[in-house]
Amino acid sequence: MTPWLLLVPQALAIVRAVPGQYATVGDAVRACANGDLVLITAGTYTEPAPVTIDQSITIRPTGGGAVILRGGDEAVGFFDIDEGVIVSMEDLEFDGQGTLPALRVSDGDLRLLRVVMHDTASSQRSGGAVAVLASAGNALSMTDSRIERSSVTGAHDGGALHVAGGTVALLRTDLLTGSSGVHGGLVSQIGGTLDITASTLAHGTAAQRGGAIVVTGGDLRAHTVRFEDNEASGDRGGGAIYDEGATAILVEDSLLLGNRALGSEGGGALYHRGTGGGMYVRDVFCGNTTAADGGGFRIHSGTATLSNAVFLDGHADGDGGDIAVHGGTLQVRHVSAALGTAALGHSLFSATPASVVDSYFGDHPLGAFAVDAEQGGDVTVGTSGWWRNAGGDFDLQTVDDGGNVFGDPLLPIPVADACDVTALIPLGGSLIGRATLGDDIGAFDGPDTWGDTDTDGVPDPFDCAPTDPTRHARAFDIPGNLVDEDCDGSDATPGHTGHTGHSEDTGSISGHSGLSTPHTGVALHSGGATGLVTDTADPEPAPLRASPVPSGDPGCGCGSAPSASWVSSWILALVAFSVRGGPRGRRRTGRGSPSGTAGRSRRGRGW
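Numbered as in the numbering used here, the sequence shown ends at 1607 without a single skipped number.
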C-alpha cells in the first residue's frame, strides 16, 4: 500500500530564468518563493537600486560564461540579505566599478561559492565589498572566492569586509588590495566570530591601525592564512593585524610576510592590545618591519603566548626586531629567531614581564643583545639556545632561569632576506633533547609543533617530501643517482660533492640553499579561489605539492581551481623579501656574552 504522504502534492522549486522569463535579476528575485532557483545567462546586469532577498533561494549562472552584476547603492550594494533566509550564490562576479559595494547581510544566512568581487567601494559604510550587520543570527560563508581592489573612505573601516555580528567563515578565499581611511585595510571586526582558513590577505593599507585586519570585539581565528605586504601607516600599528578588544584571538599555522607598521606604536605584523587572551601558534614571521617597536609582534596589554613561531629578518627602528613587550604578559616558548635587527633587543625587548623557554636565538649582528630587558626581572630566559649573537645573547637585566645552552647547534648560517626556515631546523648539535620536556630547543619540537610524517626531523610544512625520510632541504644529495635528495630542483652531477654536512668553523652546510631558491616549477604564491601550479621539476602527489596562486594578485599567475592541500604547500611560498637591515640607534654595552665565537661557548650573562 502506498503511504498516504506520497499522495500529498509537494511544492516544487521553480526555475526563474534571466533574461528568458525575467528581464532583470531583480525581477526574478522578487518573483521567488522559498526554494526557487534563479538561473542567469552570461552577461552584465545592472540594478538601479538594491535587490532585497527575503526568500531562501539559490542564484547561479547557466550555459557558461561570466555573469557580472553592477549597481545598487553605496549603503547596501547589489543585494541585501534579509528576513532570516538562507541564500546560496555560485560563480557570480560583482563589479563595483570603483564606487559601489557588492552586498549586505542584514538578517540572514548567505553562502557564497566561487564568487568574485572587485573594484568595490563605499563612502557611506564600513565594508567596501561586504558588510555583515550586528544580528546574532547573521551568517556568511565564502568558499573559493575572492575580493580585490576594494576600499572605504571617510570614517569607515574594513576596506573589503566588515563584521559587526553573527558568524563569518572564509575558506580558501583571498582578500587582495584593499584600503581604509581609518582602520582595517581589508577587514574590520567589531563583534561576532570571524574564522579565516587557507586564505590570503595581502596588499591591505590602513591609514591608522590594522593593515589587513582590525578587531575591536568578538572572536578572531586565522588558520593557515598568508598575510603579506600589508601596511598600517598612521600613529597606531599592526601591519597585518591590530587587536584591540577581541574576546579571544588565535592565529595558527600562518605566514606573516613583509608587513609594515609605519607609525609610532609599532607591531610590524601583529599588535596585541586587547584585554582578552591571544594564542599565536606555529606561525612564520619573515621580513616584517616597523618604524617603532616590535618588528614582528608587539604586546601592549592582555596576555599572549607565542608558541612554535619562527622569526627571520625582522626589523624595528626602535626596540625589539622581532618582539616588543610594553604591557601585559607574554610567554614565548619553542620559538626560533634569527637575523633580527633593532636599537635594543635585536630579537626581543621587554619593559614588562615576559618569559622565554625552550627557544633559540642565533645569528644576530653587532650593536645590541639578542634579548634585552629594560629593568631587572622584565625578562626570564630558561632552557634556550644561543649561538652567533655578535652583540651578546642577553643583557644583565635578564634573569637566567637555568638550562640555557651555548654550544654549537650545527645549524647553517641563514641567508639574509631569504626567509629560509629550514636553516633553523636542528638535525643534530646542542639543541637536541635539551628543552624542558626532553624535546628539542626551538620551534620544531614540543607539544605544539608541526607534524613530521616521515620522522626525518623536518616538519611536514617545511619538507619537500613529507613521506620520504631521505629527501628534504638539509639532506645530502648523492651525485648521479637521479634522485634530488636536497630538493633544490636537480640531482647533483657526478664529481659534485653534494651537501658535505656541517662546517665547524662557519656553521654552514655546503650547497645549502633552503627555500630561498625553492623547487623549480612551484608558483611562489598561496591562497584561495585560484589555480593549482604543481612542481614539474620535482613532482610529488598532487595533494602534497599543489600550490594555489591568488588570481588578480599583482605579479602572480591566475587560475580557477581551489587548493587541494594548502597546509602542505604554504611554506613553499617563502621567498626573498627586501627588508631594512643593520642595527640602529642605541647600544647597551658591558652586558651579555658573545656566543659561537672562534669555537668557544661562553656561559652566563656577563663577563
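Where is the CB? At the ideal position from N, CA and C, for every residue including glycine.
V1025 - DSSP class collapsed to helix/strand/coil: Looking at V1025 - three-state DSSP - the assignment turns out to be helix.
Where A1292 falls: helix, strand or coil (DSSP): A1292 falls in the coil class under three-state DSSP.
Any 3 or more C-beta pairs closer than 8 Å across the stretch 1143-1157 and the stretch 1106-1121: Yes, since at least three Cβ pairs between the stretch 1143-1157 and the stretch 1106-1121 fall closer than 8 Å, the two stretches touch.
Cβ pair D1417, R1388 closer than 8 Å: Contact check for D1417 against R1388 fails: the beta carbons are separated by 8 Å or more.
Cα-Cα separation, D1420 to A1261: One C-alpha to the other measures close to 23 Å.
Those residues which DSSP pairs with F1297 across a bridge: As a beta-bridge residue in DSSP terms, F1297 pairs with L1270, I1323.
Close beta carbons around L1113, own chain, < 6 Å, minus the five adjacent residues each side: Closer than 6 Å at the Cβ level, and outside the excluded window around L1113, lie E1090, T1143.
Three-state secondary structure assigned by DSSP to I1014: In the three-state DSSP reduction, I1014 falls in the coil class, being neither helix nor strand.
Candidates G1166, S1199, G1211, T1197: closest to V1187 by CA position: The shortest CA-to-CA distance from V1187 to any of G1166, S1199, G1211, T1197 is the one to G1211.
Distance, V1357 Cα to T1436 Cα: Whole-angstrom Cα-Cα distance: 8 Å.
Validate contact between the stretch 1150-1160 and the stretch 1174-1181 using beta carbons, cut 8 Å, 3 pairs: Contact between the stretch 1150-1160 and the stretch 1174-1181 is present, because at least three Cβ pairs lie under 8 Å.
Residues of its chain near T1177, where Cβ-Cβ distance is below 7 Å and the 5 sequence neighbours each way are ignored: The residues are E1148, R1149, H1203.
Pairwise C-alpha distance: G1098 and F1311: Rounded to the nearest angstrom, the two C-alpha atoms are 38 Å apart.
Contact set for Y1242: own chain, Cβ-Cβ below 6 Å, skip 5 residues either direction: If we look at Y1242 and ignore the five residues flanking it on each side, its Cβ neighbours are R1209, G1210, V1214, Y1271.
Of the residues Y1280, P1414, V1025, the one placed nearest Y1045, counting alpha carbons only: Answer by Cα proximity: V1025.
Minimum Cβ-Cβ distance from T1224 to chain E less than 8 Å: Of the protein chains in this structure there is only one, and it is not chain E.
Spatial distance of N1611 from Y1280 (CA atoms): Outside the shown range of the chain, which is 1001 to 1607, sits residue 1611, and nothing can be said about it.
Spatial distance of A1292 from G1314 (CA atoms): Spanning the alpha carbons of A1292 and G1314 requires a straight line of approximately 12 Å.
Exposure of A1198, with buried meaning 16 or more beta-carbon neighbours within 10 Å: Classification of A1198: buried, given that the 10 Å Cβ count is 16 or more.
Three CB pairs or more closer than 8 Å across the stretch 1316-1332 and the stretch 1425-1432: With the rule of 3 Cβ pairs closer than 8 Å, the stretch 1316-1332 does not count as touching the stretch 1425-1432.
D1659 burial status per 10 Å Cβ neighbour count (16 or more: buried): Outside the shown range of the chain, which is 1001 to 1607, sits residue 1659, and nothing can be said about it.
Option nearest S1264 by Cα separation, candidates D1229, D1491, D1235: The shortest C-alpha to C-alpha distance from S1264 to any of D1229, D1491, D1235 is the one to D1235.
D1393 versus P1365, G1376, G1217, D1027, residue with shortest Cα-Cα distance: Considering only alpha carbons, the answer is P1365.
Residue interval of the beta strand (DSSP E) (run including P1061): 1058-1071 is the extent of the beta strand (DSSP E) around P1061.
Cβ pair count under 8 Å reaching 3, the stretch 1101-1108 against the stretch 1128-1137: Short answer: they touch.
Whole-number beta carbon distance between A1492 and D1477, since they are thought to touch under 8 Å: Sure, about 4 Å apart at Cβ, within 8 Å.
Beta-carbon gap between G1328 and S1301 smaller than 8 Å: Yes, the Cβ-Cβ distance between G1328 and S1301 is below 8 Å.
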